[in-house]
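Novice: Have a look at this one before I ask anything.
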Amino acid sequence: MKKKLSLKEILQGRIIRLGIKEIFPAAGLGKELTTIRVRIFDKIPFYSPPNNVPTIAIFTPKVLNQLSVLQTGFRLHLLEDLFSRNLCFLLLSGSLSIPAYLKKTAAKLNIPSGASKYDEHYLRSLFIGLIREKCRETITLHGVVLEAEGKGILITGASGVGKTTAALKSAANHCYWVADDIAVVKRTQKGELIAGGNKKISRYIHTAKTGIIPVDALLKPDRIKINTKLAAVIRIEKSSTGIRMAKGYKHILGKKLTCLRIHIPSAGFFGENLLKKAIEQIFKDNL
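Below you can see the structure in the form of structure tokens.
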């Protein structure tokens, strides 16, 4: 983590997204952190090894059931031992409320506990994404990234609408190819958004016709870029009407970007010509 933030700041505006129904005590969310890890507990932690990294612990319903039948004094000892080992937040997955015994221990040690309706693996994924977004100012989005006229464009929409094929054809001519499927967007200290591909798959591309192949098998090296300064978003949506374009805005990592929504027929595809028109529409106002 590059930033020093409190859990309150990290969770701000994301409580509903995380499916959290209750947090207690809320006052414990104020401690500032410079690094956090997220760990799932799928069995009772009878022994908690030393831990130097502040941890968000996710208890599964199985662990909660096991704790509920333990002798009160022994259970309290286990929880106090765990809570004292750099635990910054305890979250119960698949739960709508926090048991009284957990509230008591949380209040005693001033460590916030929460209950979420979501399962532990989905919760962990959400938290990791949230920490990257809020603390590392990095977000991962589904889409294709290309560069036109020196500006990066993120093309999003459901799989199979033609994003990759249209971007490939454009990159072979007047645009530059940057990323397929997964776009990693980072905010710089100057407030600029830099978009690139995921390091593990950035050299590859997938189309229905070719399957997964190296991108340089389809494009010349001088048509490929590692990253680009993101300036706009194209959002493709299918509808029961004809082709329509509507310009609006989208916020990514706190930055306001031009967003062009394109509605295509439910049986249609997003092609190179439509992408060319979309780029022209985006740059009409000298973006």
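The sequence shown begins at 1144 in the working numbering and counts up one residue at a time.
Where a beta carbon is used, it is the ideal one built from N, C-alpha and C, also for glycine.
Out of curiosity, what's the CA-to-CA distance linking Met1144 and Ile1274?
Specialist: Locating residue 1144 in the sequence shown gives position 1, counting from the first residue. Locating residue 1274 in the sequence shown gives position 131, counting from the first residue. Any reading at Met1144 must be qualified, since the residue scores a pLDDT of 46, below 50, and its modelled position is unreliable; the value itself is stated next. Distance between the alpha carbons of Met1144 and Ile1274: 8 Å.
Novice: For Ser1259, which of helix, strand or coil comes out of DSSP?
Specialist: Counted from its first residue, the sequence shown places residue 1259 at position 116. DSSP places Ser1259 in strand when its eight states are reduced to three.
Novice: Quick one: measure Cβ to Cβ for Leu1266 and Leu1234, integer angstroms, because I've assumed they're closer than 8 Å.
Specialist: Position 123 of the sequence shown, counted from the start, is the residue given in the question as residue 1266. Position 91 of the sequence shown, counted from the start, is the residue given in the question as residue 1234. Confirmed, Cβ separation roughly 6 Å.
Novice: Can you tell me whether Asn1416 is buried or exposed, with buried defined as 16 or more other CB within 10 angstroms of its CB?
Specialist: Position 273 of the sequence shown, counted from the first residue, corresponds to residue 1416. By the neighbour-count rule (16 or more Cβ atoms within 10 Å), Asn1416 is not buried but exposed.
Novice: Can you tell me where the alpha helix (DSSP H) holding Glu1223 begins and where it ends?
Specialist: Walking along the sequence shown from the start, residue 1223 turns up at place 80. Run containing Glu1223: 1215-1226, per the alpha helix (DSSP H) assignment.
Novice: Is the region 1377-1392 touching the region 1355-1363, taking contact as three or more C-beta pairs under 8 Å?
Specialist: The region 1377-1392, when compared against the region 1355-1363, does not touch it at the 8 Å Cβ threshold.
Novice: Where Val1376 and Ile1296 are concerned, what is the direct C-alpha to C-alpha distance, given to the nearest angstrom?
Specialist: The residue given as residue 1376 occupies position 233 in the sequence shown. The residue given as residue 1296 occupies position 153 in the sequence shown. Spanning the two alpha carbons is a distance of roughly 6 Å.
Novice: I need the DSSP call for Asn1208, collapsed to helix, strand or coil.
Specialist: Indexing the sequence shown from 1 puts residue 1208 at position 65. In the structure shown, Asn1208 sits in a helix (DSSP, three-state: H, G or I).
Novice: What did DSSP end up calling Leu1161 once you bin it into helix, strand or coil?
Specialist: Start at 1 with the first residue of the sequence shown, and residue 1161 comes out as number 18. Leu1161 falls in the coil class under three-state DSSP.
Novice: Please state the DSSP three-state secondary structure of Tyr1244.
Specialist: Counting from 1 along the sequence shown, the entry for residue 1244 is found at position 101. The answer is helix: DSSP assigns Tyr1244 an H, G or I state.
Novice: Out of Lys1352, Ala1301, Leu1269, which has the shortest C-alpha to C-alpha gap to Thr1308?
Specialist: Your numbering for residue 1308 matches position 165 in the sequence shown. Out of Lys1352, Ala1301, Leu1269, Lys1352 has the C-alpha closest to the C-alpha of Thr1308.
Novice: What distance in whole Å lies between the Cβ atoms of Tyr1319 and Lys1368, which are believed to be in contact at a cut-off of 8 Å?
Specialist: If you number the sequence shown from 1, residue 1368 lands on position 225. If you number the sequence shown from 1, residue 1319 lands on position 176. So it is a contact: roughly 5 Å between Cβ atoms.
Novice: Rounded to whole angstroms, what's the CA-CA distance from Lys1381 to Gly1286? Just pull it up for me.
Specialist: Here residue 1381 refers to the residue found at position 238 when the sequence shown is read from its first residue. Here residue 1286 refers to the residue found at position 143 when the sequence shown is read from its first residue. Cα-Cα distance, rounded: 16 Å.
Novice: Check whether the region 1240-1258 and the region 1333-1340 are in contact - that is, three or more C-beta pairs closer than 8 Å.
Specialist: With a cut-off of 8 Å, the region 1333-1340 and the region 1240-1258 do not count as touching, because too few Cβ pairs lie within range.
Novice: From Ile1298, Leu1418, Ile1183, Ile1344, pick the residue whose C-alpha is nearest to that of Leu1400; which is it?
Specialist: Here the question's residue 1400 lines up with position 257 in the sequence shown. Per the Cα distances, Ile1298.
Novice: Using CA atoms only, rank isn't needed, just tell me which of Arg1378, Ser1409, Leu1403 is closest to Gly1385.
Specialist: The sequence position of residue 1385 within the sequence shown is 242, counting from 1. When only C-alpha atoms are compared, the closest one is Ser1409.
Novice: So, for Leu1311: in the same chain, excluding its five sequence neighbours on each side, which residues have a beta-carbon less than 8 Å away from its beta-carbon?
Specialist: Taking the first residue of the sequence shown as position 1, residue 1311 is located at position 168. The residues are Trp1320, Ile1348, Thr1350, Leu1361, Leu1362.
Novice: Could you work out which residue in Leu1230, Pro1168, Ala1315 is closest to Pro1242 when comparing CA atoms only?
Specialist: By one-based count along the sequence shown, residue 1242 stands at place 99. Nearest option by C-alpha distance: Pro1168.
Novice: Using 10 angstroms around the beta-carbon of Val1327, count the other beta-carbons present and answer buried if the total reaches 16, otherwise exposed.
Specialist: Walking along the sequence shown from the start, residue 1327 turns up at place 184. With 16 or more Cβ atoms within 10 Å of its Cβ, Val1327 is classed as buried.
Novice: Over what stretch of residues does the beta strand (DSSP E) that includes Lys1294 continue unbroken?
Specialist: Numbered from 1 along the sequence shown, position 151 holds the residue referred to as residue 1294. Taken as a continuous stretch (DSSP letters only), the beta strand (DSSP E) holding Lys1294 covers 1294-1300.
Novice: Output the residue ranges of the beta strand (DSSP E) runs that lie fully inside the region 1291-1348 and measure 3 residues or longer, sorted by chain position.
Specialist: Fully enclosed beta strand (DSSP E) runs of 3 or longer: 1294-1300, 1319-1322, 1325-1330, 1336-1340.
Novice: Excluding the 5 residues flanking Ala1314 on each side, which residues of the same chain have their C-beta closer than 7 Å to its C-beta?
Specialist: Translated into positions along the sequence shown, residue 1314 becomes position 171. Answer for Ala1314: Leu1289, Trp1320, Leu1362, Arg1366, listed in chain order.
Novice: Within the continuous beta strand (DSSP E) that includes Leu1403, where are the two ends?
Specialist: Mapped onto the sequence shown, residue 1403 falls at position 260. 1398-1408 is the span of the beta strand (DSSP E), which, as asked, contains Leu1403.
Novice: Taking three-plus beta-carbon pairs below 8 Å as touching, is the region 1206-1219 in contact with the region 1171-1179?
Specialist: Verdict: no, contact absent.
Novice: Report the rounded CA-to-CA distance for Arg1157 versus Phe1217, giving the unit in angstroms.
Specialist: Counted from its first residue, the sequence shown places residue 1157 at position 14. Counted from its first residue, the sequence shown places residue 1217 at position 74. Near 35 Å, if we compare the C-alpha coordinates of Phe1217 and Arg1157.
Novice: If I measure Cβ to Cβ from Ala1291 and keep anything under 6 Å in the same chain, skipping five residues before and after, which residues do I get?
Specialist: Within the sequence shown, the letter at position 148 stands for residue 1291. Cys1318, Ile1422.
Novice: For Lys1260, which residues from the same chain have a beta carbon less than 8 Å from its beta carbon, with the 5 sequence-adjacent residues on both sides left out?
Specialist: In the sequence shown, the residue the question calls residue 1260 occupies position 117. Excluding sequence neighbours, Lys1260 sits near Gly1162, Lys1164, Gly1237, Ser1238, Leu1239.
Novice: Using a 10 Å radius around the Cβ and a threshold of 16 neighbouring Cβ atoms, would you call Thr1215 buried or exposed?
Specialist: By 1-based counting over the sequence shown, the position of residue 1215 is 72. Answer is exposed; the Cβ neighbour count stays below 16.
Novice: When we look at the beta-carbon of Ser1345 and count the other beta-carbons within 10 Å, is it buried (16 or more) or exposed?
Specialist: Translated into the one-based positions of the sequence shown, residue 1345 becomes position 202. Under this definition Ser1345 is a buried residue.
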